[in-house]
Every structure is written in C-alpha cells, then in structure tokens.
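Q: Residue numbers for the first sequence follow the numbering used here, so the first one is -18 and each next one is one higher.
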Amino acid sequence: MKTELTIYNTLTRKKEKFEPINPPFAGMYVCGPTVYGDAHLGHARPAVTFDLLFRYLKYLGYKVRYVRNITDVGHLVNDADEGEDKIAKKAKLDQVEPMEIVQKYTNSYHRNMRQLNTLPPSIEPHASGHIIEQAAMAKKILENGFAYEVNGSVYFDVEKYNKKNNYGKLSGRKLEDLMANTRELAGQSEKKNPFDFALWKKAEPEHIMRWTSEWSDGFPGWHLECSVMSTKYLGEKFDIHGGGLDLQFPHHECEIAQSKAATGEDAVKYWMHNNLITIEGQKMSKSLGNFITLDEMFSGKNDLLEQAYSPMVVRFFMLQAHYRSTLDFSNKALQASEKGLQRLLKGIETLNKIKPSAETSVDLNSLKEKSFNALNDDLNTPILIAHLFDGIKLINQINSGDETINTDDLKELKSFYKLMVFDILGLKEEKGESETDTKFEETVNLLLNIRLEAKKNKDFATSDKIRDELNKIGIVVKDKKDGFEWELK
RNA sequence: GGUCGCGUGGCCGAGUGGCUUAGGCAACGGUCUGCAAAACCGUGUACAGCGGUUCGAAUCCGCUCGCGACCUCCA
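1) How should D389 be labelled, buried or exposed, when 16 other C-beta atoms within 10 angstroms of its C-beta is the threshold for buried?
2) Give me the DSSP bridge partner(s) of M9.
3) Does I454 pass the burial test, meaning 16 or more other C-beta atoms within 10 Å, or should it be called exposed?
4) At the level of alpha carbons, what is the spacing between A7 and L369?
5) Pick out whichever of L41, Y17, V48 and Y40 has its Cα sitting closest to the Cα of A28.
6) Three-state secondary structure (DSSP) at Q288?
7) What residues are listed by DSSP as bridge partners for Q263?
8) DSSP has M253 in a bridge; who is on the other side?
9) So for V135, helix, strand or coil by DSSP?
10) Pick out whichever of N430, D440, M9 and I431 has its Cα sitting closest to the Cα of K213.
11) Am I right that Y290 and F279 are in contact with their C-beta atoms under 8 Å? What's the rounded C-beta distance?
12) Between the alpha carbons of E234 and A302, how many angstroms are there, rounded?
13) For the beta strand (DSSP E) that N(-10) lies in, which residues bound it at each end?
14) What residue range does the beta strand (DSSP E) around I104 cover?
15) Taking all protein chains shown into account, do 16 or more other C-beta atoms lie within 10 angstroms of the C-beta of N346, making it buried, or fewer, making it exposed?
16) In this structure, does DSSP put I68 in helix, strand or coil?
17) Would the stretch 336 to 351 and the stretch 416 to 434 be scored as touching if the rule is three or more Cβ pairs under 8 Å?
18) To the nearest angstrom, how far is it from the Cα of N3 to the Cα of Q316?
19) Following the continuous beta strand (DSSP E) through K487, name the residue where it begins and the one where it ends.
20) Output needed for I329: all residues of its chain with C-beta closer than 6 Å, excluding positions within five of it in sequence on either side, in chain order.
21) Mind checking whether N255 and L226 have CB atoms under 8 Å apart?
22) So, does the stretch 235 to 253 touch the stretch 115 to 133, judging by three or more C-beta pairs under 8 Å?
23) Write down the C-beta distance between I373 and L408 rounded to the nearest angstrom, noting that I regard them as a contact closer than 8 Å.
24) Taking 8 Å as the limit between beta carbons, can you name the residues of its chain near R191, skipping five residues before and five after?
25) Check whether the stretch 355 to 364 touches the stretch 440 to 457, taking contact to mean three or more Cβ pairs, one atom from each stretch, closer than 8 Å.
26) Only counting the same chain, and skipping five residues up and downstream in sequence, which positions put a Cβ closer than 6 Å to that of R46?
27) Can you tell me which of L469, N357 and A442 puts its alpha carbon nearest to the alpha carbon of E0?
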C-alpha cells in the first residue's frame, strides 16, 4: 500500500493521518440511537459509515474496540428546564413499562442493523446501566468547580469553563455569540446562563424513570452518558469519536467540556461526523415528520416510496456518496443504486467464472492502488466504487476474450473483490435466505428448465407462455447464452 | 439574527489550479437473441451568475442569486 489512512478531524477541520494513541489498539465511540422509536434512514448513515471504518481499521490490522451506546434514559423531551424523560413520556402513552419500550426498540434496531449487514459493536453499553458512573462524573465536575447545584439539580458552568478553555471549539462557535443570541425566557430558569446544561436533573413527581443521588431523586443530563461510557470502555484518552453532524452542537461540544472539566484532558483525538440525509432537500427529522423508517424502506410501505429497497441497496446508496456530504433521498437515486449494485455483483459472478490464460494483459496493481488510495483518503467510497466499476469493465473484457489474465492474477483479483466489496464495503448477496425462498427458487427454476426444453424444440408458444405468465406474477425472466436468470420485479 | 456549509451534464454523485472525458442510473447507437428482455461494448451533455487573481480555475478571492444545517429533541 502506498498511502496511509487519513481521516477528516472535525476538531481541526483538516484531514489528518490516523495514528492511534496506543497502537496496535484503536478505540472508537459512536453515538447510538435513543431507543424510543423505530430506526429510520437517518440512523442507517452513521451505522454504515462507522461500520465501514470499523471494518477497514480491522483490515489494516488494528485491534479495534468499537463502542456504540444505547440511549435508554436521560434525554429530555422539551427544554432542559421543564422537560420530562423522552422515554418515560412515550411509555406513558403506550401504558407500558419504560424498559419494555427500550427493549422493543432495541430489538428492532438490532434487527435493522443486521439487515444492513453492520457488524455488531464490541461493546454496546446502555445509559441506564451507568447511572452511578454518571453521578460520579457529575460530582467530579462539581468538585473541580465547573458545575453548581440548584434545588437538587446540577448544572455545568459554561462561562466559568470557558475562561480557561474554549467552549465551542468543535462547532466553531464563540461563547459571546451564544450569549448574544440567547434570549432569556422570562427568568424561569434555575441556570446561571441559558447555555449551561444539566449534569443531573431533579425529577418531577410524575417522572417515572428516576434514580437516587446525593442531590435528588432524578436522572443524569443527556450529554453525560457518552462522556462516561466512552472513557469507561476506551480510556480517558481515546482515538475516534463519531456521530451525526447534528450532534456536533451542543452534544459533542458538551462532551468535550465535561471530559476536560472532569479530568483536565481532552478525551478524543479524532472527531468524525457523518452528514445528514435529506428528503427533497430537507433534513429528515422528528419535527418535520418526513422520516422513513428502515422497515418501511425495506418493505416499501411508505407513501414517499415507489417500491421496496433492499437493505443492501440502501447500504450501497449511502456508500456511493461520501460520508461528509449530505445525501438526498429520492426514488430515482435509489433505483439507480439498485441497478448499479446489480451490475457490481453481476461482475463478481462473472469474475468467478473466468478461465485463466497464460498471460495477464490488464493492470491489476493500478486498480488496487487506486482503490486503497481512495479508501485511505478519508474513506472516499464513491471513488473506490468508481474504481471497482472500472475493474468490472476489465472483468467483462476478460470474460469476452478481449483481455486476458493468468492463474495467479485471477486468484488475486478474486480475493481483491471479495475484500473490497464484501469485507470492507460490507455488501452481500441477498438471495435465498429462508427455506421457503429456497423452495420457491427451485420451483421457478423447474418451470424455466421446462421452458428451456421447449425453446430447444422450437416450441416458442410454450416457452413464451411460461415467460409471459411468470411476468404477470411478477417474475422477470432473462435469457442467457446457456441458460436463464430471473428476478422478482 | 449569529455561525457553518452547499450550488457539477436529464437524475444521483466524485473531483479543489493545468492529463480523471470520475463512476452509477437514464438516453442514444451497436453486439447477442426465434422474439422480447437482460447482459455486454460504444457515445453525448457540466461545473448557479458576475467580476477578479493567474500563463492557466469547476477548483483561489470578492460580490449577487438560490438552497440547506446548527443555535431546540433528532443520526
């Protein structure tokens, strides 16, 4: 390999060479979902992005610990002053236990992540399992003088912190601007400043998720869990912290402040942010109500969808854009990705059927080098995929006899495509996963073999009938030189 | 209002000073085929506008227009 992995660090706004703090170990923490609703397209982007990074770091030989949390407590539903726990609110609506909600949506999240072929993280800690640690961190920040207690709640003192530190360095904000732009709401707040954030929040009587602490019966502030769980499992200083761009401020900014206030050190070496998915140019969000859940995506059951899109199509769609670009959802774009993915996978099938020659006429080293260079350049998967398509063209030319490849190079090319497409990009074939599917496939194959017989006997009436009837059912038949293929419409 | 980012050919989407006609999809032409489809091969169209810097800009600078994100729960 000619180049080394560089990644874009949001903190420095530059691409930096990736050099882990304690090689060969590499630690990465990614903000996971709040499990109070179905996972949607937006959840898939960081999951796929950081799954790619996880896979690639492992390929590069690092011993990677990938931590992704489950937020099952602590996010406030309204503003920090009056809010109640998001999960508790939903639980009341549904008249069930909060932890039942948590379990339900954790399960469906895991199912969706498996469908997207993301590898499970090394550790998936729950916020609710780390209340004690969160209280301890709040206490430490309090002792260090960067927080204050009011009526059983503990708030982070941003102004004081900012005197010696730079609050806003990740998101490029200045405290003065924040002060100038924040209008105080009629003096209702317990906080010294509106931009102070809760480390511990006293629970209102109706608040059902609560824990005892020295300040009050309450719950931890919503930024604290990530600071606690990342450093608990990766160390006070660790390599990569990832998440969606929308978490940059205030969430990640607060994490930085908390860690610094607690330990005196910056915890994170590389901050990475994936960009957002938009729908018709607008961000998908709860408040706009324009989000598409992954289950809807995979089943096609949403009015915005013209058809179902398989998990691998969704994954490929995301990989065809760079993770730091916004990606606009549209049926046209997804359909283009579907076709493109088919072409890529078909090319690999062709590759597996190629017969070697004595000589190699194609330049494999160039292909490989360009591909790794793309990946090393801040995970530039669209460029990588472009090169893989160039390679597919070569494969087709070899297959048709216009180019040649020898036995060793063929073997190498096969393992290269397996590595890139399946191991690193994390794509996979999606056919025949259940027993019913298998039997169904055999049935269709049986019919098509009969059709093949009919064709050989020039009984085109029969052969066309089988083809047309299958087409009516929604099975498209494609003839090949020496056989057939079919797919569901 | 403050901060940040974006505007590339029919669509998606890379590219940040001169040689990538990026790539995918669509379109068109061809090969193949009993026919059709598929597959494969080939081809075209571009850098929001205006001005500036430069021998040279999609790429740097300025302005204009348009769009978006964050500042509030959100991946």
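Note that beta-carbon positions come from the ideal geometry of N, C-alpha and C, so glycine has one too.
A: Reading off the structure:
1) Counting from one through the first sequence, the residue named residue 389 turns up at place 408. Per the 10 Å Cβ criterion, exposed.
2) Numbered from its first residue, the first sequence carries residue 9 at position 28. Its beta-bridge partners are Y47 and I221.
3) Counting from one through the first sequence, the residue named residue 454 turns up at place 473. Result: exposed.
4) Along the first sequence, read from residue 1 onward, the residue named residue 7 stands at position 26. Along the first sequence, read from residue 1 onward, the residue named residue 369 stands at position 388. Rounded to whole angstroms, A7 to L369 spans 28 Å at the Cα level.
5) Numbered from its first residue, the first sequence carries residue 28 at position 47. Answer by Cα proximity: V48.
6) Within the first sequence, numbered from 1, the residue matching residue 288 stands at position 307. Three-state DSSP puts Q288 in coil, outside helix and strand.
7) The residue you call residue 263 lines up with position 282 of the first sequence. Q263 is bridged to I260.
8) Stepping through the first sequence from its first residue, residue 253 is reached at position 272. Beta bridge pairing from DSSP links M253 with G223.
9) Within the first sequence, the letter at position 154 stands for residue 135. Strand at V135.
10) In the first sequence, counting from the first residue as 1, residue 213 sits at position 232. Minimum Cα distance to K213 is reached at M9.
11) Translated into positions along the first sequence, residue 290 becomes position 309. Translated into positions along the first sequence, residue 279 becomes position 298. With a Cβ gap of about 7 Å, Y290 and F279 count as contacting.
12) The residue you call residue 234 lines up with position 253 of the first sequence. The residue you call residue 302 lines up with position 321 of the first sequence. Taken atom to atom, the span from the alpha-carbon of E234 to that of A302 is near 27 Å.
13) Residue mapping note: residue -10 aligns to position 9 of the first sequence, counting from 1. Taken as a continuous stretch (DSSP letters only), the beta strand (DSSP E) holding N(-10) covers T(-13) to N(-10).
14) Locating residue 104 in the first sequence gives position 123, counting from the first residue. Unbroken run through I104: none, as it is neither H nor E.
15) As a working mapping, residue 346 is identified with position 365 in the first sequence. Flag for N346 reads exposed.
16) Within the first sequence, residue 68 is the residue found at index 87, counting from 1. In this structure, I68 counts as helix in the three-state DSSP scheme.
17) Contact between the stretch 336 to 351 and the stretch 416 to 434 is absent, because fewer than three Cβ pairs lie under 8 Å.
18) If you number the first sequence from 1, residue 3 lands on position 22. If you number the first sequence from 1, residue 316 lands on position 335. Spanning the two alpha carbons is a distance of roughly 43 Å.
19) The shown model of the chain, from -18 to 470, leaves out residue 487, and the question about it has no answer.
20) What you label residue 329 is simply residue 348 of the first sequence in a count that begins at 1. Excluding positions up to five away in sequence, the list reads Y398.
21) Translated into the one-based positions of the first sequence, residue 255 becomes position 274. Translated into the one-based positions of the first sequence, residue 226 becomes position 245. Against a cut-off of 8 Å, the Cβ pair of L226 and N255 comes out as a contact.
22) yes
23) As a working mapping, residue 373 is identified with position 392 in the first sequence. As a working mapping, residue 408 is identified with position 427 in the first sequence. Not quite, the Cβ-Cβ distance comes to about 13 Å (not below 8 Å), so this is no contact.
24) Here residue 191 corresponds to residue number 210 of the first sequence, with the count starting at 1. Excluding sequence neighbours, R191 sits near A184, D198, G199 and F200.
25) no
26) By one-based count along the first sequence, residue 46 stands at place 65. These residues qualify, in order along the chain: G8 and S103.
27) In the first sequence, residue 0 corresponds to position 19, counting from 1. With distances taken between Cα atoms, E0 lies closest to N357.
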